[in-house]
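Numbering (this note's numbering), first residue to last: -8 to 282.
Don't be surprised by glycine CBs; every beta carbon is placed ideally from N, CA and C.
Heads up, the thing below is written out as C-alpha coordinates.
Okay, here's the thing in C-alpha coordinates:
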(Lines of atoms letter the chains of each structure in order from A and count residues from 1; the text may use other names and numbers.)
(Lines give C-alpha, C1' and ligand atoms only; values in the text may rest on other atoms or scores of the structure.)
Protein backbone atom coordinates (compact mmCIF):
# COMPACT_ATOMS: atom_id res chain seq x y z
CA UNK A 1 0.00 0.00 0.00
CA UNK A 2 1.28 3.46 -0.86
CA UNK A 3 1.91 6.03 1.84
CA UNK A 4 2.70 9.73 1.81
CA UNK A 5 6.10 10.85 3.00
CA UNK A 6 5.90 13.93 5.18
CA UNK A 7 8.63 16.56 4.96
CA UNK A 8 9.21 17.93 8.42
CA UNK A 9 12.81 19.07 8.14
CA UNK A 10 11.92 22.71 7.58
CA UNK A 11 10.07 22.86 10.91
CA UNK A 12 13.49 22.81 12.64
CA UNK A 13 14.43 26.40 11.76
CA UNK A 14 15.29 29.36 12.92
CA UNK A 15 14.88 28.12 10.01
CA UNK A 16 12.73 23.81 3.49
CA UNK A 17 10.11 21.69 -5.36
CA UNK A 18 7.97 22.89 -7.48
CA UNK A 19 5.80 25.97 -7.30
CA UNK A 20 2.57 24.31 -8.42
CA UNK A 21 0.22 22.59 -6.01
CA UNK A 22 0.40 18.81 -6.42
CA UNK A 23 -0.63 15.62 -4.62
CA UNK A 24 2.15 13.06 -4.86
CA UNK A 25 1.90 9.52 -3.55
CA UNK A 26 5.21 7.97 -2.63
CA UNK A 27 6.05 4.42 -1.64
CA UNK A 28 7.05 4.06 1.98
CA UNK A 29 10.48 3.06 0.68
CA UNK A 30 10.86 6.36 -1.24
CA UNK A 31 12.99 7.94 1.46
CA UNK A 32 14.48 11.37 0.83
CA UNK A 33 17.35 13.22 2.39
CA UNK A 34 16.45 16.37 4.36
CA UNK A 35 19.12 19.05 4.72
CA UNK A 36 18.99 22.15 6.90
CA UNK A 37 21.89 24.53 7.41
CA UNK A 38 24.12 27.13 5.86
CA UNK A 39 26.90 29.62 6.28
CA UNK A 40 26.63 33.21 7.53
CA UNK A 41 28.95 36.18 7.97
CA UNK A 42 29.40 35.28 11.66
CA UNK A 43 32.74 33.71 12.59
CA UNK A 44 31.59 30.48 14.21
CA UNK A 45 30.98 26.75 13.77
CA UNK A 46 28.31 26.58 11.07
CA UNK A 47 25.79 23.73 11.17
CA UNK A 48 24.45 21.39 8.49
CA UNK A 49 21.87 18.90 9.77
CA UNK A 50 21.06 15.71 7.83
CA UNK A 51 18.01 13.52 8.36
CA UNK A 52 15.56 11.38 6.39
CA UNK A 53 11.86 11.70 5.62
CA UNK A 54 9.47 9.33 7.35
CA UNK A 55 6.07 7.93 6.25
CA UNK A 56 3.11 10.18 7.02
CA UNK A 57 1.60 7.79 9.58
CA UNK A 58 4.88 6.84 11.22
CA UNK A 59 5.09 7.19 15.01
CA UNK A 60 8.88 7.39 15.05
CA UNK A 61 11.02 10.51 14.93
CA UNK A 62 12.99 11.33 11.76
CA UNK A 63 16.27 9.46 11.69
CA UNK A 64 19.51 11.47 11.48
CA UNK A 65 22.00 10.58 8.78
CA UNK A 66 25.37 9.76 10.31
CA UNK A 67 28.88 9.02 9.07
CA UNK A 68 28.52 11.16 5.95
CA UNK A 69 31.34 13.14 4.36
CA UNK A 70 30.20 16.77 4.41
CA UNK A 71 32.18 19.78 3.22
CA UNK A 72 31.71 23.28 1.82
CA UNK A 73 33.73 24.64 -1.11
CA UNK A 74 34.34 28.32 -1.86
CA UNK A 75 36.77 28.92 -4.71
CA UNK A 76 39.91 27.00 -3.81
CA UNK A 77 38.91 26.82 -0.14
CA UNK A 78 37.42 23.67 1.35
CA UNK A 79 35.78 23.59 4.77
CA UNK A 80 35.30 20.08 6.17
CA UNK A 81 32.43 19.52 8.59
CA UNK A 82 32.70 17.14 11.54
CA UNK A 83 29.75 15.23 12.99
CA UNK A 84 28.98 15.89 16.64
CA UNK A 85 29.34 12.53 18.40
CA UNK A 86 26.67 13.53 20.92
CA UNK A 87 24.19 14.73 18.26
CA UNK A 88 24.00 12.36 15.29
CA UNK A 89 23.32 14.07 11.98
CA UNK A 90 24.71 17.43 13.17
CA UNK A 91 27.80 18.43 11.17
CA UNK A 92 29.85 21.52 12.04
CA UNK A 93 32.60 23.56 10.41
CA UNK A 94 35.61 24.72 12.40
CA UNK A 95 34.91 27.70 14.66
CA UNK A 96 36.93 30.17 12.55
CA UNK A 97 34.82 29.90 9.39
CA UNK A 98 32.79 32.86 8.09
CA UNK A 99 30.98 33.81 4.89
CA UNK A 100 32.04 36.64 2.56
CA UNK A 101 30.05 39.14 0.52
CA UNK A 102 29.19 37.88 -2.96
CA UNK A 103 31.00 34.56 -2.52
CA UNK A 104 29.53 31.33 -3.93
CA UNK A 105 29.41 28.28 -1.65
CA UNK A 106 28.91 24.67 -2.70
CA UNK A 107 27.77 22.11 -0.13
CA UNK A 108 28.87 18.54 -0.88
CA UNK A 109 27.39 15.50 0.89
CA UNK A 110 29.01 12.14 0.13
CA UNK A 111 29.15 8.56 1.44
CA UNK A 112 25.45 8.35 2.26
CA UNK A 113 22.75 5.95 1.08
CA UNK A 114 19.37 7.66 1.02
CA UNK A 115 16.78 6.67 -1.56
CA UNK A 116 19.45 4.81 -3.48
CA UNK A 117 21.64 7.91 -3.88
CA UNK A 118 25.08 8.39 -2.36
CA UNK A 119 25.92 12.02 -3.21
CA UNK A 120 24.10 15.34 -3.00
CA UNK A 121 25.08 18.97 -3.49
CA UNK A 122 23.72 22.50 -3.23
CA UNK A 123 24.98 25.92 -4.31
CA UNK A 124 24.26 29.18 -2.47
CA UNK A 125 25.57 32.69 -3.07
CA UNK A 126 26.08 35.18 -0.29
CA UNK A 127 24.27 38.44 -1.15
CA UNK A 128 26.50 41.28 -2.30
CA UNK A 129 26.93 43.73 0.56
CA UNK A 130 28.08 47.34 0.60
CA UNK A 131 31.31 48.08 2.42
CA UNK A 132 30.75 48.68 6.12
CA UNK A 133 27.39 46.89 6.05
CA UNK A 134 27.68 45.81 9.70
CA UNK A 135 27.20 49.41 10.86
CA UNK A 136 25.72 51.15 7.83
CA UNK A 137 22.66 48.95 7.22
CA UNK A 138 21.24 49.06 10.76
CA UNK A 139 22.14 52.00 12.96
CA UNK A 140 20.07 51.28 16.08
CA UNK A 141 16.75 50.01 17.46
CA UNK A 142 14.38 50.79 20.30
CA UNK A 143 11.42 48.93 21.78
CA UNK A 144 8.07 50.56 22.54
CA UNK A 145 4.72 49.29 23.75
CA UNK A 146 1.78 49.75 21.36
CA UNK A 147 -1.48 50.02 23.26
CA UNK A 148 -3.61 49.42 20.16
CA UNK A 149 -1.80 46.18 19.31
CA UNK A 150 -1.21 45.28 22.97
CA UNK A 151 2.35 44.23 22.35
CA UNK A 152 5.94 45.35 21.94
CA UNK A 153 7.19 46.90 18.70
CA UNK A 154 10.87 46.79 17.74
CA UNK A 155 11.59 49.97 15.80
CA UNK A 156 14.61 50.19 13.52
CA UNK A 157 16.74 53.10 12.34
CA UNK A 158 18.41 51.88 9.16
CA UNK A 159 19.98 53.04 5.91
CA UNK A 160 18.71 50.86 3.08
CA UNK A 161 21.18 50.79 0.15
CA UNK A 162 19.66 52.08 -3.06
CA UNK A 163 22.05 50.39 -5.48
CA UNK A 164 21.02 46.82 -4.55
CA UNK A 165 17.79 44.80 -4.57
CA UNK A 166 17.69 43.23 -1.12
CA UNK A 167 15.67 40.61 0.69
CA UNK A 168 15.60 40.45 4.47
CA UNK A 169 14.76 38.09 7.31
CA UNK A 170 14.25 39.57 10.79
CA UNK A 171 14.91 37.53 13.92
CA UNK A 172 14.95 38.46 17.60
CA UNK A 173 16.83 37.31 20.67
CA UNK A 174 15.85 38.21 24.21
CA UNK A 175 18.97 38.06 26.39
CA UNK A 176 20.55 34.79 25.20
CA UNK A 177 17.29 33.12 24.15
CA UNK A 178 16.16 32.90 20.55
CA UNK A 179 12.63 34.32 20.42
CA UNK A 180 12.33 33.62 16.68
CA UNK A 181 12.48 29.87 17.19
CA UNK A 182 9.82 28.92 14.65
CA UNK A 183 8.82 29.77 11.10
CA UNK A 184 5.88 31.82 12.39
CA UNK A 185 8.27 34.10 14.29
CA UNK A 186 10.37 35.01 11.25
CA UNK A 187 9.59 38.29 9.46
CA UNK A 188 10.37 38.33 5.72
CA UNK A 189 10.40 41.48 3.59
CA UNK A 190 11.96 42.75 0.38
CA UNK A 191 12.99 46.34 -0.28
CA UNK A 192 10.88 47.11 -3.35
CA UNK A 193 8.77 49.68 -1.47
CA UNK A 194 11.59 51.40 0.46
CA UNK A 195 14.71 50.78 -1.64
CA UNK A 196 17.35 53.41 -0.86
CA UNK A 197 15.35 55.09 1.90
CA UNK A 198 16.24 55.71 5.52
CA UNK A 199 13.88 54.01 7.95
CA UNK A 200 13.49 56.26 10.96
CA UNK A 201 11.81 54.23 13.67
CA UNK A 202 10.06 51.84 11.27
CA UNK A 203 8.34 48.84 12.89
CA UNK A 204 10.54 45.85 12.08
CA UNK A 205 9.20 43.26 14.53
CA UNK A 206 6.27 42.69 16.89
CA UNK A 207 6.18 40.73 20.16
CA UNK A 208 2.56 39.96 20.95
CA UNK A 209 2.79 38.94 24.62
CA UNK A 210 3.37 42.00 26.78
CA UNK A 211 4.67 39.81 29.62
CA UNK A 212 7.59 38.62 27.47
CA UNK A 213 9.80 41.56 28.44
CA UNK A 214 10.89 43.08 31.74
CA UNK A 215 13.27 45.90 32.71
CA UNK A 216 16.89 44.98 32.11
CA UNK A 217 16.16 42.55 29.27
CA UNK A 218 18.46 42.88 26.29
CA UNK A 219 16.53 42.71 23.00
CA UNK A 220 18.63 42.00 19.90
CA UNK A 221 17.28 42.41 16.39
CA UNK A 222 19.06 40.38 13.71
CA UNK A 223 18.64 41.82 10.23
CA UNK A 224 19.64 39.02 7.85
CA UNK A 225 20.38 39.89 4.23
CA UNK A 226 19.27 36.77 2.34
CA UNK A 227 19.09 35.74 -1.31
CA UNK A 228 15.90 36.06 -3.36
CA UNK A 229 15.59 32.28 -3.69
CA UNK A 230 16.02 31.71 0.05
CA UNK A 231 13.42 34.43 0.68
CA UNK A 232 10.87 32.53 -1.42
CA UNK A 233 11.87 29.21 0.13
CA UNK A 234 11.12 30.56 3.60
CA UNK A 235 7.85 32.13 2.39
CA UNK A 236 6.76 28.80 0.91
CA UNK A 237 7.80 26.99 4.10
CA UNK A 238 5.67 29.35 6.19
CA UNK A 239 2.68 28.69 3.92
CA UNK A 240 3.22 24.92 4.06
CA UNK A 241 3.35 24.96 7.86
CA UNK A 242 -0.01 26.72 8.25
CA UNK A 243 -3.36 24.90 8.69
CA UNK A 244 -5.13 24.40 5.38
CA UNK A 245 -8.67 25.68 4.83
CA UNK A 246 -11.17 24.37 4.05
CA UNK A 247 -10.48 21.32 6.20
CA UNK A 248 -10.07 18.83 3.34
CA UNK A 249 -8.02 21.04 1.04
CA UNK A 250 -5.18 19.27 -0.77
CA UNK A 251 -1.77 19.75 0.88
CA UNK A 252 0.45 22.56 -0.42
CA UNK A 253 3.46 21.72 -2.57
CA UNK A 254 6.78 21.19 -0.84
CA UNK A 255 8.86 24.37 -0.58
CA UNK A 256 11.52 24.77 -3.25
CA UNK A 257 15.00 23.39 -2.65
CA UNK A 258 18.49 24.10 -3.97
CA UNK A 259 19.66 20.53 -3.34
CA UNK A 260 20.30 17.91 -5.99
CA UNK A 261 18.99 14.35 -6.16
CA UNK A 262 15.46 15.14 -4.98
CA UNK A 263 16.66 16.02 -1.48
CA UNK A 264 14.49 18.35 0.58
CA UNK A 265 15.49 21.41 2.57
CA UNK A 266 17.84 24.26 1.81
CA UNK A 267 21.50 25.23 2.11
CA UNK A 268 21.71 28.99 2.69
CA UNK A 269 24.33 31.75 2.75
CA UNK A 270 23.45 35.10 4.31
CA UNK A 271 24.72 38.09 6.25
CA UNK A 272 23.67 38.95 9.81
CA UNK A 273 23.56 42.57 11.05
CA UNK A 274 22.66 43.12 14.71
CA UNK A 275 21.53 45.90 16.98
CA UNK A 276 20.48 45.66 20.63
CA UNK A 277 18.38 47.61 23.10
CA UNK A 278 18.21 47.23 26.90
CA UNK A 279 14.69 47.63 28.32
CA UNK A 280 14.38 50.53 30.78
CA UNK A 281 11.98 51.09 33.65
CA UNK A 282 10.39 54.01 31.80
CA UNK A 283 9.54 51.72 28.86
CA UNK A 284 7.00 50.02 31.15
CA UNK A 285 5.18 53.12 32.41
CA UNK A 286 1.46 52.46 31.90
CA UNK A 287 2.08 48.85 30.84
CA UNK A 288 0.54 46.31 33.20
CA UNK A 289 2.61 43.14 33.16
CA UNK A 290 2.64 40.10 35.39
CA UNK A 291 5.02 40.17 38.32
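>> Let me confirm a value: residue 219 is counted as buried when at least 16 other C-beta atoms fall within 10 Å, else exposed. Which label applies?
In response: exposed
>> Within 10 Å of its beta-carbon, does residue 286 have 16 or more other beta-carbons around it, so buried, or fewer, so exposed?
In response: Because the chain is modelled from -8 through 282, residue 286 falls outside the range shown and cannot be assessed.
> Near residue 64, what residues of its chain come up, given a Cβ to Cβ distance below 6 Å and the 5 sequence neighbours on each side ignored?
Replying inline: 97
> Considering only the beta carbon of each residue, do residue 265 and residue 212 sit closer than 8 Å?
Replying inline: yes
>> Give me, in chain order, the residues of the same chain whose beta-carbon lies closer than 6 Å to that of residue 114; leave out the 5 immediate sequence neighbours on both sides.
In response: Closer than 6 Å at Cβ, skipping near neighbours: 97.
>> Among the candidates 35, 24, 139, whose CA atom is the shortest distance from the CA of residue 45?
In response: 24
> In angstroms, rounded to a whole number, what distance separates the CA positions of residue 204 and residue 217?
Replying inline: The alpha-carbon atoms of residue 204 and residue 217 are separated by roughly 28 Å.
> Distance, Cα to Cα, residue 28 vs residue 206?
Replying inline: 34 Å
> Using the C-alpha atoms, what's the distance from residue 93 back to residue 118?
Replying inline: 5 Å
> Which residues mark the beginning and the end of the beta strand (DSSP E) in which residue 275 is found?
Replying inline: Residue 275 -> no beta strand (DSSP E), and no H or E assigned at all.
> How would you write the range of the alpha helix (DSSP H) that residue 226 sits in, first residue to last?
Replying inline: That run of the alpha helix (DSSP H) goes 219 to 232.
> What residue from 234, 120, 246 has the CA that sits closest to residue 223's CA?
Replying inline: 246
> Would you say residue 254 and residue 26 are within 8 Å of each other, going by their C-beta atoms?
Replying inline: yes
> Is residue 143 close to chain C, meaning its C-beta is less than 8 Å from at least one C-beta of that chain?
Replying inline: You won't find chain C in this structure, because it holds only one protein chain.
> Based on the DSSP output, what are the partners of residue 168 in its beta bridges?
Replying inline: Here residue 168 is bridged, per DSSP, to 165.
> Is the beta carbon of residue 233 within less than 7 Å of some heavy atom of the ligand NAP?
Replying inline: Here there are no bound small molecules, and the ligand NAP is not part of this structure.
> Is it buried or exposed for residue 162, if we count other Cβ within 10 angstroms and need 16 for buried?
Replying inline: buried
>> If you follow the beta strand (DSSP E) that residue 72 is in, where does it begin and where does it stop?
In response: 68 to 74
> In chain order, what residues of the same chain have a beta carbon less than 6 Å from the beta carbon of residue 135, not counting five sequence neighbours either side?
Replying inline: 144
>> Less than 8 Å between the beta carbons of residue 147 and residue 174, yes or no?
In response: no
> Which residue or residues does DSSP assign as beta-bridge partners of residue 146?
Replying inline: According to DSSP, residue 146 bridges with 133, 194.
> So, is residue 84 buried or exposed, given that buried needs 16 or more other C-beta atoms within 10 angstroms?
Replying inline: buried
> Assuming residue 263 contacts residue 21 under a Cβ cut-off of 8 Å, what Cβ separation, rounded to an integer in Å, is found between them?
Replying inline: About 36 Å separates the beta carbons of residue 263 and residue 21, which is beyond the 8 Å limit, so they are not a contact pair.
> What three-state label does DSSP hand residue 174 in the structure shown?
Replying inline: Secondary structure of residue 174 (DSSP, three-state): helix.
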